[in-house]
Amino acid sequence: MMKHVIIGTAGHVDHGKTTLIRALTGRETDRLQEEKERGISIELGFAPFDLPSGRRAGVVDVPGHERFIKHMLAGVGGFDLVLLVVAADEGVMPQTREHLDILNLVGVKKGLIVLNKADLVEDDWLELVKDDVRETVKGTFLEGAPVYAVSAVTGQGIPELLQAIDKATEAIAERDTSGPFRLPVDRVFTIAGFGTVVTGTLIAGTVRVGERAIVYPAKLETRIRQIEVHDQKTETAVAGQRVALNLAGLGVEEIERGSVVASPGSLTPSTLIDARLLLLAHSDHPVENHQRLRLHTGTAEVLGRVYLLEKEELVPGESGLVQFRLEEEVAVRRGDRFVIRTYSPATTIGGGIVLEPAASRHRRFDPKVLTALKQKEKGAPEDIVAHVLESTGMAPRTTADLAKAAGLSEAETQAAVIKLVQLKKAFTFTLEDSTYYVDALACQQAVDRATQALALYHEKYPLRLGVPLEEVRARFFPEVSSRLLDPILNLPVAQELVSEGDRVRLAHHQVKFSSEQEEAVQKLLTALTKQGFTPAAPSEILSQIQPKIDGKELIAALLEQGQLVQVAEDIVFVRSTFEDAKKKVIEFIKENGSITVAELRDLLNTSRRYALPLLEYLDTKRITRRVGDKRILGPAAM
3 MMKHVIIGTA GHVDHGKTTL IRALTGRETD RLQEEKERGI SIELGFAPFD
53 LPSGRRAGVV DVPGHERFIK HMLAGVGGFD LVLLVVAADE GVMPQTREHL
103 DILNLVGVKK GLIVLNKADL VEDDWLELVK DDVRETVKGT FLEGAPVYAV
153 SAVTGQGIPE LLQAIDKATE AIAERDTSGP FRLPVDRVFT IAGFGTVVTG
203 TLIAGTVRVG ERAIVYPAKL ETRIRQIEVH DQKTETAVAG QRVALNLAGL
253 GVEEIERGSV VASPGSLTPS TLIDARLLLL AHSDHPVENH QRLRLHTGTA
303 EVLGRVYLLE KEELVPGESG LVQFRLEEEV AVRRGDRFVI RTYSPATTIG
353 GGIVLEPAAS RHRRFDPKVL TALKQKEKGA PEDIVAHVLE STGMAPRTTA
403 DLAKAAGLSE AETQAAVIKL VQLKKAFTFT LEDSTYYVDA LACQQAVDRA
453 TQALALYHEK YPLRLGVPLE EVRARFFPEV SSRLLDPILN LPVAQELVSE
503 GDRVRLAHHQ VKFSSEQEEA VQKLLTALTK QGFTPAAPSE ILSQIQPKID
553 GKELIAALLE QGQLVQVAED IVFVRSTFED AKKKVIEFIK ENGSITVAEL
603 RDLLNTSRRY ALPLLEYLDT KRITRRVGDK RILGPAAM
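Residue numbers (the working numbering): 3 to 640.
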């Protein structure tokens, strides 16, 4: 599967980030008239980026002006690789440092340093700027990162930078595409004839056309009507791609930047968040208890107050456990990164990681609360196992499987999965003395998709029993082996799905013939029975009996029910006639050791046209086995 990567820019205003992206991709990311008139980026810009290796990355170009830092913050959460752009004629500037702080705080791990406008300076000056940049990035994820001197205007160094970017993307880990999908919204607009469209970087999971979704934190229900990736329509999109989603049933005024489109039930909006907060070492002031701050997470910016749970104040360079009490709900998950800025004037002073996304109010300095939060920070066994289950999607896992993946003992893992089952975050079943566990949300989503598809199938084919079991497995439960699918379909969450033989149907679905269809069926069966081992094609018979009946669907229904047996494309026997022929073949072989096509023709008083397909069909069912021109008994007849 092709790796999907998001490449972002960072750096001070007018250092040439947008011009650099244009030189690398041939695309213009400034789309607003004001941006073109002023020559600076105001909003986030986006473009596809075709790398020399053939990979197609997505580019997010962020504004560099200090007034638009909040826009920059809305774009950095999905970065896999960043290009820190510094103008060679100016060197490191205030927003260079602030952007670097933000990148560190949100957990970006990989990047390259680009000295743009290298054509404007002498070599000696360029070396001084390189030294200044290297000193600036010490202690950050960019320490030791290569520095590339380029000119986005003349093209100097661009081919070398392009190759370096391509090589850097090779080391980026593929994002987890299983589990619930999540897309923080960075743009909302409407298209005539289509309705509301949102864009963003898909940071987790896989999203599919037709599936249900919730817009958090407002909890608005919707359906994915259409998906585009880099202006190309697609049926699915996966984590690591820039995505546009056309949402059904919602107005553009109901969604805003900061909303999150995600799988139903995957997020719990809250105004209370427990977290570990780190204050930047070079921050000018400490953080005091009850201080009003701006919290940025994903694409959202929310005002709130911070409550210090273990200290009277946080001084620059310190970290502490805190609770944010926000003025609006946000939808985050444990482990999400955030950035905090002062209320006024807005300045980046720190950030951290979410420990509890939907907390209850705590008393400060409470030992039980602090112990519990430190355990969450460390990772409780059930949290670790829940993450493993979520990352494996619908694939059932034993305790031993989970223990190995989680790095826990089997005893710890067993206690964790019992708790997860009690909390209804996991389902369990037993098969052949082995107990399996599966993520509850992934299971619910797969069942929902299968239920919707079966409802449409029954509507289109009311006379058919259901969809072939293997097709249901391949389409909706691809991670589940064939032997484990039946136990999955017997879970309470799948009570609407009924597995019968090799078919799956909805519980309420029953095949019912109309009186006209029932009459045609009886006449067809009677005619085929009379014709014995030389039957006419059922469609021909039906066209004479009831020309207005949909013969194809009626025959398909009778084949599914087993009343008819199809041995070739146009040769169909009544079940009793077929069983009679099979019995005669078995008895003949037992008496004579083998049977030929000619012998079967004479035995059934039929023709080669019927005898040969009948023997070939018996071969496929392992009733007979071909040896040269003869058939002997197969294993299924023994």
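We put the beta carbon where it would ideally sit given N, CA and C, even for glycine.
Values in this document were obtained by computation on a predicted structure and should not be read as measured data.
Next on the checklist: For residue 605 and residue 584, which I take to be in contact (beta-carbon distance under 8 Å), what is that distance rounded to the nearest angstrom?
Outcome noted: Not really, about 12 Å apart at Cβ, beyond 8 Å.
Next on the checklist: Measuring straight from C-alpha to C-alpha, what distance separates residue 87 and residue 203?
Outcome noted: 22 Å
Item to check | For residue 27 and residue 20, believed in contact at Cβ under 8 Å, the rounded distance | outcome: 11 Å between Cβ atoms; not a contact.
Checklist entry - Would you report the Cα separation of residue 436 and residue 392, rounded to the nearest angstrom? => result 20 Å
Item to check | C-beta atoms of residue 495 and residue 570 nearer than 9 Å | outcome: no
Next on the checklist: Quick check: the region 117–130 against the region 76–90, are at least 3 beta-carbon pairs closer than 8 Å?
Outcome noted: yes
Checklist entry - What is the DSSP secondary structure of residue 367, counted as helix, strand or coil? => result coil
Checklist entry - Out of curiosity, what's the CA-to-CA distance linking residue 137 and residue 60? => result 30 Å
Checklist entry - Which residues bound the beta strand (DSSP E) around residue 343? => result 339–344
Checklist entry - DSSP puts residue 50 in a beta bridge; with which residues? => result 60
Checklist entry - Measuring CA to CA, which of 634, 624, 559 and 572 is closest to residue 596? => result 634
Next on the checklist: So for residue 441, helix, strand or coil by DSSP?
Outcome noted: strand
Checklist entry - In the structure shown, what three-state DSSP assignment does residue 298 receive? => result strand
Checklist entry - When the distance is taken between beta carbons, is residue 132 closer than 9 Å to residue 276? => result no
Checklist entry - Is it right to say residue 600 is buried, meaning 16 or more other beta carbons lie within 10 angstroms of its own, or is it exposed? => result exposed
Checklist entry - Name the DSSP beta bridge partners of residue 597, please? => result 633
Checklist entry - Given residue 143, which residues of its chain have a CB within under 6 Å of its CB, disregarding the five upstream and five downstream residues? => result 111
Checklist entry - In whole angstroms, what separates the C-alpha of residue 3 from that of residue 294? => result Note that residue 3 scores 45 on pLDDT, short of 50, meaning its location in the model is unreliable; the coordinates nonetheless yield the value given after this. Cα-Cα distance, rounded: 46 Å.
Checklist entry - Counting pairs of Cβ atoms below 8 Å between the region 250–257 and the region 213–221, do you hit three or more? => result yes
Checklist entry - When the Cβ atoms of the region 457–468 are set against those of the region 508–515, are three or more pairs found closer than 8 Å? => result yes
Item to check | Secondary structure, beta strand (DSSP E): runs of 3+ residues fully inside the region 161–195 | outcome: 184–186 and 189–193
Next on the checklist: For a quick check, are the C-beta atoms of residue 301 and residue 248 less than 9 Å apart?
Outcome noted: no
Next on the checklist: Assuming contact is defined by CB atoms lying nearer than 9 Å, are residue 648 and residue 536 in contact in what I supplied?
Outcome noted: Since the displayed the chain opens at 3 and closes at 640, residue 648 lies outside it and no answer follows.
Next on the checklist: Just to check my reading of the structure: residue 357 and residue 328 have Cβ atoms closer than 8 Å, yes? What is that Cβ distance to the nearest angstrom?
Outcome noted: With a Cβ gap of about 15 Å, residue 357 and residue 328 do not count as contacting.
Checklist entry - Quick one: what's got a C-beta closer than 6 Å to residue 189's C-beta in the same chain, skipping five residues either side? => result 201
Item to check | Integer Cβ distance of residue 574 from residue 540, believed to fall under 8 Å | outcome: 5 Å
Checklist entry - On the premise that residue 556 lies in contact with residue 519, defined as a C-beta separation below 8 Å, what is that separation, rounded to the nearest angstrom? => result 6 Å
Item to check | Three-way DSSP call (helix, strand, coil) for residue 553 in this model | outcome: helix
Item to check | At least three beta-carbon pairs within less than 8 Å, the region 88–108 to the region 312–324 | outcome: no
Next on the checklist: Going by DSSP, what residue range makes up the alpha helix (DSSP H) through residue 106?
Outcome noted: 96–107
Item to check | Inter-residue CB distance, residue 52 and residue 11 (contact presumed, cutoff 8 Å) | outcome: About 17 Å; that fails the 8 Å criterion.
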